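Written below as structure tokens is the structure these notes are about.
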Amino acid sequence: MAATAIGPRTAVAVRAGRMAGALSRKVGLGAGAIIAGRVALRLDGQALSRLAAGRRVVLVSGTNGKTTTSHMTAAALRTAAPVAHNDTGANMPDGALAALMEQPDAPLAVIEVDELHLGAVADAVHPAAVVLLNLSRDQLDRGTEVHAVARSLAAALRRHPDTLVVANADDPVVVGAVQPSHRVVWVAAGMSWLADAGGCPRCGRRLETGVGPWRCTNCGMTRPTPTWGLDEGAVRHPGGRTEVRLTLPGRFNLGNAAFAMAAADALGVPPDAAATAIAGLGSIAGRYGVHRRGPHELRLMLAKNPAGWAETLPLLADARAVLLVVNAREADGRDTSWLWDVPFEQLPDGAAVAVAGERAADVGLRLSYADVSHATEPDPLAALALLPPGQVQVVANYTAFLSIRRRLATEEAA
Ligand SMILES: [Zn+2]
0 MAATAIGPRT AVAVRAGRMA GALSRKVGLG AGAIIAGRVA LRLDGQALSR LAAGRRVVLV
60 SGTNGKTTTS HMTAAALRTA APVAHNDTGA NMPDGALAAL MEQPDAPLAV IEVDELHLGA
120 VADAVHPAAV VLLNLSRDQL DRGTEVHAVA RSLAAALRRH PDTLVVANAD DPVVVGAVQP
180 SHRVVWVAAG MSWLADAGGC PRCGRRLETG VGPWRCTNCG MTRPTPTWGL DEGAVRHPGG
240 RTEVRLTLPG RFNLGNAAFA MAAADALGVP PDAAATAIAG LGSIAGRYGV HRRGPHELRL
300 MLAKNPAGWA ETLPLLADAR AVLLVVNARE ADGRDTSWLW DVPFEQLPDG AAVAVAGERA
360 ADVGLRLSYA DVSHATEPDP LAALALLPPG QVQVVANYTA FLSIRRRLAT EEAA
């Protein structure tokens with residue numbers, strides 16, 4: 000990008016950021032992209048808005064599914080034009096800036112944004128569309144509460160009345176956050192976890208969430224009428240019905256595809272073209288990646304919070320061997336009491352189960368109460384030896400997932 004287009008100060012900041020990123024990669028720190036963005040932001044606080052200027056930007060946010068949905072949205076939009084995308088899941092402002100720096104000439108951008116940073120990033124990039132997937136409890140000790148996050152999102156959306164919001168009609172907390180916005184495309188993507196919704200977003204009373212759309216019996220607030228939804232392996236939309244032959248497993252990934260297709264449609268990519276692009280996606284930032292290791296074929300899955308685990312456990316219905324790995328570091332949240340809310344009773348009868356990670360003992364205790372027999376070994380790769388040969392479904396929380404991926408990559412490179 001020419002220095003005249005972004006201004007000399009931003010050009011210098013971008014150059015310095017790129018040098019820092021390259022240096023960081025060279026000395027093996029790895030996260031060169033984030034460091035590049037961080038350095039550039041330090042030198043020029045306006046760099047994000049300057050690099051976003053003139054592009055059509057889609058922001059993807061929510062507690063679960065934002066990495067997958069942003070990959071799907073980027074794949075769909077790439078059928079029309081080059082797309083800048085923070086594809087590693089670096090979802091703070093520095094990660095957003097790094098993605099724009101790497102693709103300075105892409106006319107489109109898809110930025111995954113942490114829900115706590117959506118307001119700041121939206122103010123800088125003036126998004127054409129914001130995708131809001133769901134809002135549930137993440138790490139218990141992150142110091143935030145679902146409804147406080149919803150209020151800050153509502154304030155952010157009010158500052159951008161022209162932005163199209165693609166939002167989950169099935170999540171009452173999302174609906175509460177989106178109320179003030181005028182331009183909304185409602186998607187009914189299903190919601191397997193309503194335990195964190197609390198009550199009616201308008202009056203706080205208990206919601207009726209059984210069969211059919213949710214509604215409040217006190218004030219009458221009800222699920223908005225969706226124009227996009229799921230239909231047996233297909234996505235329904237205002238133009239009809241499009242089959243989506245996903246490589247990725249699970250109904251929640253079909254839901255993610257519906258959001259991506261709705262966002263792409265808003266930017267001019269028709270559902271058929273979007274569905275074809277999305278169907279081609281296999282592993283996403285290591286999620287669902289398959290690794291052969293000795294007698295085992297491992298499939299890696301990430302579940303970061305109760306809602307994520309609730310969505311992932313149904314994928315294990317036919318599993319013969321399962322490895323559950325849980326850490327409790329800063330990035331995971333140190334409090335593991337959420338384990339008691341996860342329906343581990345759903346683990347299939349007859350599957351061999353091993354638990355690992357720094358909090359293997361906590362998971363093991365939880366499984367004992369669920370009557371799931373299991374073996375315990377804190378080291379996840381050593382725990383594999385306790386499982387029969389063949390396929391192993393590995394579900395890990397955040398730092399556990401990253402650590403397993405790193406160790407497998409090291410072994411595979413050796
Ligand atoms: Zn109500």
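Counting from 1, position 149 in the sequence shown corresponds to residue 148 in numbering that gives the first Met the number 0; the numbering is continuous, with no gaps.
C-beta atoms are modelled at their ideal positions from N, C-alpha and C, and glycine is treated no differently.
All figures in this text were calculated on a predicted structure; none of them were measured in a lab.
Closest by CA to residue i, which one among the options?
{"i": "Arg-292", "options": "Ala-413, Arg-250, Met-220 and Leu-229", "result": "Ala-413"}
{"i": "Ala-154", "options": "Ala-168, Gly-175 and Arg-136", "result": "Gly-175"}
{"i": "Leu-99", "options": "Ile-5, Gly-203, Thr-241 and Trp-337", "result": "Ile-5"}
{"i": "Ala-105", "options": "Arg-157, His-84, His-70 and Glu-144", "result": "His-84"}
{"i": "Ala-46", "options": "Gly-64, Ala-79, Asp-93 and Leu-315", "result": "Asp-93"}
{"i": "Leu-383", "options": "Pro-294, Ala-369, Arg-333 and Asp-340", "result": "Pro-294"}
{"i": "Leu-96", "options": "Asp-113, Val-120, Leu-115 and Glu-296", "result": "Val-120"}
{"i": "Thr-67", "options": "Ala-80, Val-112, Ser-48 and Thr-78", "result": "Val-112"}
{"i": "Gly-279", "options": "Val-243, Thr-62 and Arg-17", "result": "Val-243"}
{"i": "Pro-223", "options": "Asn-217, Glu-207, Val-183 and Ala-233", "result": "Val-183"}
{"i": "Gly-307", "options": "Val-394, Arg-328 and Ser-282", "result": "Val-394"}
{"i": "Arg-49", "options": "Leu-385, Asp-348, Gly-238 and Thr-9", "result": "Thr-9"}
{"i": "Leu-322", "options": "Ser-282, Thr-375, Arg-328 and Trp-339", "result": "Thr-375"}
{"i": "Met-220", "options": "Arg-205, Gly-118 and Asn-252", "result": "Arg-205"}
{"i": "Pro-347", "options": "Asp-340, Arg-328 and Asp-370", "result": "Asp-370"}
{"i": "Asp-340", "options": "Tyr-368, Pro-269 and Met-18", "result": "Tyr-368"}
For residue i, collect the residues of the same chain with a Cβ closer than 8 Å to its Cβ; drop the 5 residues on either side in sequence, then sort them by chain order.
{"i": "Val-11", "result": "Leu-42 and Asp-43"}
{"i": "Trp-337", "result": "Arg-136, Leu-139, Asn-304 and Pro-305"}
{"i": "Val-82", "result": "Ala-73, Leu-76, Gln-102, Ala-105, Leu-107, Ala-108 and Val-109"}
{"i": "His-70", "result": "His-84, Asp-86, Leu-280, Ile-283 and Ala-284"}
By how many angstroms is the C-alpha of residue j removed from the C-alpha of residue i?
{"i": "Thr-246", "j": "Ala-276", "result": "11 Å"}
{"i": "Ala-108", "j": "Thr-162", "result": "15 Å"}
{"i": "Gly-324", "j": "Ala-381", "result": "For the sequence presented, residue 324 should be read as Val rather than Gly. Cα-Cα distance, rounded: 12 Å."}
{"i": "Val-172", "j": "Glu-411", "result": "43 Å"}
{"i": "Ala-360", "j": "Pro-313", "result": "23 Å"}
{"i": "Gly-389", "j": "Ala-351", "result": "11 Å"}
{"i": "His-236", "j": "Ala-273", "result": "13 Å"}
{"i": "Gly-363", "j": "Gly-211", "result": "36 Å"}
{"i": "His-181", "j": "Arg-157", "result": "9 Å"}
{"i": "Thr-398", "j": "Leu-301", "result": "10 Å"}
{"i": "Asp-317", "j": "Arg-55", "result": "42 Å"}
{"i": "Gly-20", "j": "Arg-37", "result": "9 Å"}
{"i": "Pro-387", "j": "Ala-320", "result": "7 Å"}
{"i": "Phe-400", "j": "Arg-406", "result": "10 Å"}
{"i": "Asp-271", "j": "Arg-250", "result": "19 Å"}
{"i": "Gln-345", "j": "Ala-259", "result": "29 Å"}
{"i": "Tyr-287", "j": "Ala-330", "result": "21 Å"}
{"i": "Trp-227", "j": "Arg-240", "result": "9 Å"}
{"i": "Leu-40", "j": "Ala-89", "result": "15 Å"}
{"i": "Glu-296", "j": "Gly-349", "result": "19 Å"}
{"i": "Asn-396", "j": "Asn-255", "result": "20 Å"}
{"i": "Lys-65", "j": "Asp-334", "result": "23 Å"}
Three-state secondary structure (DSSP) at residue i?
{"i": "Ser-282", "result": "coil"}
{"i": "His-373", "result": "coil"}
{"i": "Ala-311", "result": "According to the sequence displayed, residue 311 carries Thr and not Ala. Reduced to three states, the DSSP call for Thr-311 is helix."}
{"i": "Thr-3", "result": "Because Thr-3 carries a pLDDT of 45, less than 50, the predicted location of this residue cannot be relied on, and no value is offered for it."}
{"i": "Glu-231", "result": "coil"}
{"i": "Leu-401", "result": "helix"}
{"i": "Ala-320", "result": "strand"}
{"i": "Gly-219", "result": "coil"}
Considering only residues of the same chain and omitting the five flanking positions on each side of residue i, which have a CB-CB separation below 7 Å?
{"i": "Pro-342", "result": "Ala-309 and Leu-312"}
{"i": "Ala-149", "result": "Leu-134, Val-172, Gly-175 and Ala-176"}
{"i": "Pro-377", "result": "Ala-355, Gly-356, Glu-357 and Ala-359"}
{"i": "Ala-373", "result": "The residue asked about is misnamed: residue 373 is His in this sequence, not Ala. So the list reads Val-352, Ala-353, Val-354, Gly-363 and Leu-366, once near-sequence residues are dropped."}
For residue i, I'd like the list of residues in its chain whose CB is within less than 6 Å of its CB, leaving aside the five on either flank, ordered along the chain.
{"i": "Ala-262", "result": "Val-57, Thr-72, Ala-128, Val-130 and Val-165"}
{"i": "Arg-298", "result": "Val-289 and Gln-392"}
{"i": "Ala-187", "result": "Ala-168, Asp-169, Pro-225 and Gly-228"}
{"i": "Val-418", "result": "Since the displayed the chain opens at 0 and closes at 413, residue 418 lies outside it and no answer follows."}
{"i": "Arg-201", "result": "Cys-218 and Met-220"}
By C-beta, the residues closer than 6 Å to any heavy atom of ligand 3, given in chain order: Only ligand 1 can be found as ligands here, which leaves ligand 3 out of the picture.
Those runs of the beta strand (DSSP E) which lie wholly inside the region 243-298 and span at least 3 residues: Fully enclosed beta strand (DSSP E) runs of 3 or longer: 289-292.
Completely contained beta strand (DSSP E) runs for the region 96-181, where each covers 3 or more residues: Contiguous beta strand (DSSP E) elements confined to the region 96-181 occur at 107-111, 128-131 and 163-167, taking only those with 3 or more residues.
Minimum length 4: unbroken alpha helix (DSSP H) runs contained in the region 347-398: Qualifying alpha helix (DSSP H) stretches, in chain order: 359-368 and 379-382.
Segments assigned beta strand (DSSP E), at least 3 residues, entirely inside the region 20-101: The beta strand (DSSP E) runs of length 3 or more contained entirely in the region 20-101 are, from start to end of the chain, 55-60 and 82-84.
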